[in-house]
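Chemist: Each protein sequence line maps, in turn, to chains A and B.
Here the first sequence is numbered in the numbering used here, starting from 63 and rising by one per residue.
Here the second sequence is numbered in the numbering used here, starting from 23 and rising by one per residue.
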Amino acid sequence: MPKVTVDGQEIEVPDGATVLQACELAGKEIPRFCYHERLSIAGNCRMCLVEVKPGPPKPQASCALPAADGQEIRTDSEMVKTAREGVMEFLLINHPLDCPICDQGGECDLQDQSIAYGRGATRYDENKRAVTEKYMGPLIKTVMTRCIHCTRCVRFSEEIAGVDEIGAVGRGEDMQITTYLEQAAEHELSANVIDLCPVGALTSRPYAFEARPWELKKTLSIDVSDAVGSNIRLDSRGREVMRALPRINDDVNEEWISDKARYQVDGLTKRRLDKVFMRKKGGLQPASWDEAFKAIAKAKPGKDIAAIAGDMVDCETMFAAKALLKACGSNLLEGRQTGMDYDVSNLAAVNFNSGLAGIETADAILIVGSHIRWEAPLVNVRIRKAVKRGAKVFVIGPRWETTYPAEFLGQDLSVLSKLPKEVAEAFKGAERPAIIMGGAALAKGALTGGLAFADTYGLVKDGWNGFNVLHFSAARMGGLMLGFAQQGGMKDIVAANPKVVISLGADEMDFEPFADALKVYIGHHGDRGAHAADIILPGASYAEKDGTYVNTEGRVQFAEKAVFAPGDAREDWTILRALADALKVEVGFDSFAQLQAAMIAEVPALGEEGLADYGALPKSDANAKAEGTISAYPIKDFYLTNPIARASAVMQQCSSELLGNGELAEAAE
Amino acid sequence: MADRSPAPDTPELRERWGAFEFTESYRERADAAIARYPEGRQRSAVMPLLDLAQRQVGEETDTQGWLPLPVIEYVADYLDMPVIRVLEVATFYFMYNLKPVGKYHVQVCGTTPCMLRGSDGLFETCKKRGMKKGTVSEDGLWTLTEVECMGNCATAPMVQINDDNYEDLTPERLDTVLDALAKGEQPKTGTQEPGRHTSEPANALSSLPEMVDANHDYRKDW
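See the structure below:
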């Protein structure tokens, strides 16, 4: 632990810390552009200059200088001040003064730091350099004249995303940041370079010229586009969510989010259900709440009522539905819309037990039936980190483009019980072996086989549980905790032949078997579920209600309401509460607080933000063998997995431009 | 400075160079370059490989050679590295030609020592022969480029033509060199000053004269 003195204040810093980190520990602000905690050190912007003794009598770049014992660091001397002013003056030589028309204005590092550390006026009266715009795809807008060559975007795509596509061509004054032949940046995390860019060179294309940061209301929320539960911030103006940005949470999403989480928000204003609709003479007609509730009451469901939870609903909505059904005397709850029927008697067996941050430390990983890049892009980032530390990765399932070296073991699930010799040896020799079972494996009933694998190779040991199930529905773990699962999955619901089926935003389910039932859709988008419904009760999306979500590792997180739902739409729990009155049953809550209290009383884990404890893995059946072949993954199109994304023009454009699914999007209409 | 952007990616370019592959002898030299680095670090050989590729293109087109995009992609593929990383290298170093050049790439140094010793005259000579900066002359023989210091200041002014340097030039001496090259002959490389071998003092020794016969400690003279 080296001891250094920063501006006369003596502090001890961890081994391996840089001078910049030492200064930060001492509470000093060091201006910087190229340095970023999660990227490698480049040391090319020179903004972080400080004075260090012993050493050459000149300012030194603190980001690339290791802190050593006995160093005397000054961040407040005249030398440092003039050095910063000098660097800033050079950076601004070729930077256009177009802040009034720049989208970064108000949240721009260069703007802020030039005010804090610049010299106030320029002495440069030559011509400035100009650089042509570079096309980087439908999400990233470029104004390359503004680029200060910090290379954060280059380092991000190489190190974090694992897709080398951005580079700096040319040298000196001719240096330009570009993708190869100006091809679109084609990976699921591409838009994170927008956050990384310290200036307005890379800005958000869909959000271009939409709003200024100071006119936005910031709401802390949770992303529902996959089961990672990324922490996001929704920026809204008036009744519209303008953009979603990542929040820092090292346990979940670090500081990245997927492009879908970021850009599906424009779908929140499109194809919305903002009126009550009822099917009359074969067509859906606008109706009143009263009419709708009367029609449902007329169906006299009694205890023949079922509720199917969609992929994006919060725990409160599910609990309200559960309470309603319970009051009616029914327990026909299901959340696994596509008919999966894995055993949920022990939730530890369907949880991501090693944790999202924990998987980074694994040294042998077997991925079974999961296209991780599409099902959970941020988990893919973690696995890439693990591989960089030396982990070996094997995949059972059809090929997909990994961002790290991985060995594909074919599509046959039986490999799970008879691994090739060198793979088996890799797992036997591993200190922290892990398995990740995806939706495709669960659908084939491979869960027991996976548990047997966990037993054989000792995936559970002191301080390590390497058995992981990766879901991709934000509502899945919460639903399972609330009992939204039947022994036989959807089959059981069909067999019970309910008179009324309530779909809580369930769009991926098959409505065919429920032809005779009254189908009530409580949701926010006119998607597949609404098309099949007899009665549509307009609900709120994740941005329009408070709610609790549980991610795939069992992390309970709370999202806040950013905007009001449009038109007649109401928060889902109020609809279910009103429905209880219509059906003349008592559910026991009249306010959101009461509902939450009742939910927490029933499932205490939902009341505490953080990881829920599901206990130990169940005993595995040693004879269990996985069988069958995984011929395809459940996600066919990364950009169009949920009703919000399907309504989003940006996501549709991404789908057609980046994945070439132009026709498909139209066919899905 | 010359335009350092790659030649445009056209169907004709793809058709001409899409099937580029190292010939047997070039492949051997490429593999030898890769073998200099530890296994898994084959990317380190990107610079020699780009050079070899440029030379092979030169042989095929009877020019100094250049790097069309499909060839850059071939090198990236050969080294199993992202093509943008190879393009970064190719655009960074001046010795890689990103546009077609003539049979003789005449690179005239225009930096201060050469300029003071008369490089302006050398440019005139070249221009009189129909060379224009950055373009291939009509007969396909010449491409003129102005470059920065090539490290031959003691024998300034100098010109580099393909792999050889020609130093101590005057417009007349450059003309002789270019005439010989145009005829397909190989002129004497290095200094063109009669009686001079390399970059030794042109006349009498002007500095460190006491060091000629034995070691001499100059420190007491400071």
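Every residue, glycine too, gets a C-beta built ideally from N, C-alpha and C.
Could you check how far apart the C-beta atoms of Lys-607 of chain A and Asp-634 of chain A are, in whole angstroms? I think they sit under 8 Å.
Modeler: Right, the Cβ-Cβ distance comes to about 7 Å (below 8 Å), so this counts as a contact.
Chemist: Please report the Cβ distance between Cys-136 of chain B and Met-180 of chain B, rounded to the nearest whole angstrom; I am assuming they are in contact, meaning their Cβ atoms lie under 8 Å.
Modeler: With a Cβ gap of about 6 Å, Cys-136 of chain B and Met-180 of chain B count as contacting.
Chemist: Just curious, the alpha helix (DSSP H) that Ile-697 of chain A is in, first and last residue?
Modeler: Looking at the DSSP string, Ile-697 of chain A is not in any alpha helix (DSSP H), and its letter there is neither H nor E.
Chemist: Does any residue of chain A have a CB that is nearer than 8 Å to the CB of Glu-110 of chain B?
Modeler: Yes, contact with chain A.
Chemist: Asp-186 of chain B by DSSP, collapsed to three states: which one?
Modeler: Correct three-state label for Asp-186 of chain B: strand.
Chemist: By the criterion of Cβ-Cβ separation under 8 Å, what are the contact partners of Asp-31 of chain B in chain A?
Modeler: Near Asp-31 of chain B (Cβ distances below 8 Å), the residues of chain A are Leu-243.
Chemist: Quick test of your reading: Ala-621 of chain A and Ile-163 of chain A, contact by CB under 8 Å. State the CB separation rounded to the nearest angstrom.
Modeler: Contact doesn't hold; Cβ gap of about 34 Å is too wide.
Chemist: Among A:Ala-411, A:Asn-254, A:Lys-581, which has the Cα closest to the Cα of Gln-440 of chain A?
Modeler: Residue identity check: residue 440 of chain A is Leu in the sequence provided, not Gln. If we check each option's Cα against that of Leu-440 of chain A, A:Asn-254 comes out closest.
Chemist: Cα separation between Phe-626 of chain A and Arg-301 of chain A?
Modeler: C-alpha separation (whole angstroms): 6 Å.
Chemist: Starting from Cys-377 of chain A, trace the alpha helix (DSSP H) both ways and give me its first and last residue.
Modeler: Start and end: 377 to 390.
Chemist: Quick one: which chain A residues come within Cβ less than 7 Å of Val-105 of chain B?
Modeler: In chain order: Tyr-242.
Chemist: Starting from the beta carbon of Glu-227 of chain A, find every residue of chain B whose beta carbon is closer than 8 Å, and list them in chain order.
Modeler: Chain B residues near Glu-227 of chain A: Pro-104, Ile-106.
Chemist: Counting only C-beta atoms, is Arg-435 of chain A closer than 8 Å to chain B at any point?
Modeler: No - not a single Cβ of chain B is within 8 Å of the one on Arg-435 of chain A.
Chemist: DSSP state of Val-402 of chain A, grouped into three classes?
Modeler: Note that residue 402 of chain A corresponds to Met in the displayed sequence, not to Val. In this structure, Met-402 of chain A counts as coil in the three-state DSSP scheme.
Chemist: Suppose the cutoff is 8 Å on Cβ atoms and the five residues either side in sequence are ignored; what does the same chain contact list for Arg-241 of chain B look like?
Modeler: Counting only Cβ-Cβ distances below 8 Å, and skipping sequence neighbours, we find nothing.
Chemist: For a cutoff of 8 Å on Cβ pairs, would you count Ala-230 of chain A as touching chain B?
Modeler: It does; some Cβ of chain B falls within 8 Å.
Chemist: For Arg-26 of chain B, go through chain D and note every residue whose CB falls closer than 9 Å to its CB, in chain order.
Modeler: Among the protein chains of the structure shown, namely A and B, there is no chain D.
Chemist: Do Ala-361 of chain A and His-533 of chain A come within 8 Å of each other at the CB atom, strictly closer than that value?
Modeler: No.
Chemist: In whole angstroms, what separates the C-alpha of Ala-305 of chain A from that of Ala-270 of chain A?
Modeler: Residue identity check: residue 305 of chain A is Arg in the sequence provided, not Ala. Each residue's Cα considered, the two are about 11 Å apart.
Chemist: Among all the DSSP beta bridges, which residues are the ones paired with Phe-620 of chain A?
Modeler: Looking at the DSSP assignment, Phe-620 of chain A forms a beta bridge with A:Thr-610.
Chemist: Any beta-carbon of chain A closer than 8 Å to the one on Phe-42 of chain B?
Modeler: No, because no Cβ of chain A sits closer than 8 Å to the Cβ of Phe-42 of chain B.
Chemist: To which residues does DSSP link Arg-136 of chain A through a beta bridge?
Modeler: For Arg-136 of chain A, which the question treats as bridged, DSSP gives the partners A:Glu-113.
Chemist: With DSSP run on the structure shown, which of helix, strand or coil describes Ile-555 of chain A?
Modeler: It is helical.
Chemist: How would you call Ala-183 of chain A, buried or exposed, if buried means at least 16 neighbouring beta carbons within 10 angstroms?
Modeler: So Ala-183 of chain A ends up on the exposed side.
Chemist: Taking contact to mean at least 3 C-beta pairs separated by less than 8 Å, is the stretch 641 to 650 of chain A in contact with the stretch 375 to 390 of chain A?
Modeler: With a cut-off of 8 Å, the stretch 375 to 390 of chain A and the stretch 641 to 650 of chain A count as touching, because enough Cβ pairs lie within range.
Chemist: Do we get a CB-CB distance below 8 Å when we pair Phe-114 of chain B with the residues of chain A?
Modeler: Judged by the 8 Å Cβ criterion, Phe-114 of chain B is in contact with chain A.
Chemist: Short of 7 Å in beta carbon distance, which residues of its chain neighbour Pro-104 of chain B, apart from the five on each side in sequence? Order them along the chain.
Modeler: So the qualifying residues of the chain are Ala-98.
Chemist: Specify, as a first and last residue, the run of the beta strand (DSSP E) that Thr-213 of chain A falls within.
Modeler: Thr-213 of chain A -> no beta strand (DSSP E), and no H or E assigned at all.
Chemist: Who are the Cβ neighbours of Gln-715 of chain A in its own chain at under 6 Å, not counting the five residues just before and after it?
Modeler: Same-chain partners within the cutoff: Pro-200.
Chemist: Is the beta carbon of Phe-529 of chain A closer than 8 Å to that of Ile-497 of chain A?
Modeler: For Ile-497 of chain A and Phe-529 of chain A, yes; Cβs fall inside 8 Å.
Chemist: Can you give the Cα-Cα distance for Thr-207 of chain A and Arg-191 of chain A, rounded to whole angstroms?
Modeler: If you take the alpha carbons of Thr-207 of chain A and Arg-191 of chain A, they lie about 7 Å apart.
Chemist: Hey, quick one: how far does the alpha helix (DSSP H) through His-593 of chain A stretch, first residue to last?
Modeler: 590 to 594 is the extent of the alpha helix (DSSP H) around His-593 of chain A.
Chemist: Only counting the same chain, and skipping five residues up and downstream in sequence, which positions put a Cβ closer than 7 Å to that of Asp-197 of chain B?
Modeler: Cβ neighbours of Asp-197 of chain B beyond the five flanking positions: Thr-147.
Chemist: If contacts are defined as beta-carbon pairs under 8 Å, then Lys-322 of chain A and Met-713 of chain A qualify, I think. What distance do you get, rounded to the angstrom?
Modeler: Right, their Cβ atoms sit about 7 Å apart.
Chemist: Measuring CA to CA, which of A:Tyr-242, A:Arg-267, A:Gly-224, A:Gly-262 is closest to His-249 of chain A?
Modeler: Closest by alpha carbon: A:Gly-224.
Chemist: Would you kindly check if the distance between the Cβ of Ala-624 of chain A and the Cβ of Leu-296 of chain A is under 8 Å?
Modeler: The answer is yes: Cβ separation under 8 Å.
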